[in-house]
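Here is the structure we will look at.
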Amino acid sequence: MSRMLDVSDDVRAEIGNEEAERLLSGGNAPGSYDCTSCRTPGDSDQERTSTVLFVGDETAVLAFAHATCIPSQVVQVAEEHLQGAVRSITGGGPESPGGGPTDLASDQAVLGITSGLVLINHQLHPALVVEPTGPIARPGSLGDTDEFLPLLTDQGFQQLANLDQPPAVLPGWSVLLAAGQLHAVLQPGVGGGPAVSWWQAHQPLQVTDGWRAAANRSHTVLVFAAPVGSIGQQPREDLLRDMLEKAAAGGLLVGGAMPLAGT
């Protein structure tokens, strides 16, 4: 009997028609599985299930998730981070407080990231706060001006004057959560190609049960970004929100709403 699998055109193109048909006919597909997005059981005989393909430089890993959690898709990641995803799916890895360099960052600066629940308009939203460890210059720039926020607004991030309302959806961007751990923030690929990593954890980051539950309910994560020194590491979520408000009032905060993606 054909299982209730969704295999997107992008996934089919990567794995080939023969393998795709084997999956759809139940040959290589799981019956029961643990959804690697929400970490609850799924059954491809009883409910629609997404096939999600991690693709690295040398390795590809096929995983399964509830179709109501994430759509079938291809997610391109660096090989070392794909290995981290494999470790997470098969048993998890230690927490890391920061991420690797991005194409926006200088050789010295990296992007730190903090997760938390942020209260906006009487509702708690799962949020990520991105703050570099140093000033960010445009590629090829010889000046010492911090261009972090202008670079982000060029890519569609919204300048925020306050936290009265959530930021608008940022088209093409998404947040990659695997086995309940944070792996990456993805940005649109060049020329309409598959999404690529903008920020990646050195090793998967643990998030709280409350954060994960809120993200799975809304299927959306708010991503805020501020220049170095604007937010800092705050011990409580109310203090984190206070610093976000302060940054926004000073014209130092941008943001965007992103759907959950990956596994």
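The sequence shown runs contiguously to residue 488 in the working numbering. Where is the CB? At the ideal position from N, CA and C, for every residue including glycine. In this text the structure is predicted, and so the values were computed from the model without any measurement.
query                                                                                                                                                                             : result
Which of the three DSSP states is assigned to residue 370 in this structure?                                                                                                      : coil
Restricting to Cα atoms, I'd like to know which of 271, 245, 439 and 381 is closest to residue 256.                                                                               : 271
Only counting runs of 3 or more residues, tell me where the beta strand (DSSP E) segments fall wholly within the segment 332-416, in order along the chain.                       : 336-345, 348-357, 399-403 and 406-412
How would you write the range of the beta strand (DSSP E) that residue 275 sits in, first residue to last?                                                                        : 274-280
Classify residue 481 as helix, strand or coil using the three-state DSSP reduction.                                                                                               : strand
Take the Cβ of residue 479 as the centre, count every other Cβ of all protein chains shown within 10 Å, and call the residue buried at 16 or more, exposed below.                 : buried
Since I believe residue 345 is in contact with residue 486 (beta carbons under 8 angstroms), could you give me their beta-carbon distance rounded to a whole number of angstroms? : Rounded, the Cβ-Cβ distance is 22 angstroms, inconsistent with contact.
Any idea if residue 399 is buried or exposed, counting beta-carbon neighbours within 10 angstroms, 16 or more meaning buried?                                                     : buried
Who are the near neighbours of residue 444 in its chain, counting only those whose CB is closer than 7 angstroms to its CB and skipping five residues on each side?               : 484 and 485
In chain order, which beta strand (DSSP E) runs of at least 3 residues are fully inside the segment 434-480?                                                                      : 445-450
Select from 433, 235, 418 and 412 the residue whose C-alpha is nearest the C-alpha of residue 425.                                                                                : 412
DSSP has residue 230 in a bridge; who is on the other side?                                                                                                                       : 274
Taking buried to mean at least 16 other C-beta atoms within 10 Å of its own C-beta, is residue 166 buried or exposed?                                                             : This structure leaves residue 166 out entirely; the chain is present only between 226 and 488.
Between the Cα of residue 449 and those of 438, 386 and 405, spot the shortest distance and give me the residue it belongs to.                                                    : 386
So the candidates are 358, 388, 353 and 339; which of them puts its Cα closest to the Cα of residue 347?                                                                          : 388
Work out the CA separation of residue 236 and residue 482 for me, nearest whole Å.                                                                                                : 25 angstroms
Look at the alpha carbon of residue 415 and the alpha carbon of residue 422, and state the distance between them as a whole number of angstroms.                                  : 12 angstroms
Within this structure, are the beta carbons of residue 300 and residue 401 separated by less than 8 angstroms?                                                                    : yes
Sort 278, 350, 437 and 459 by Cα distance to residue 356 and report the nearest one.                                                                                              : 459
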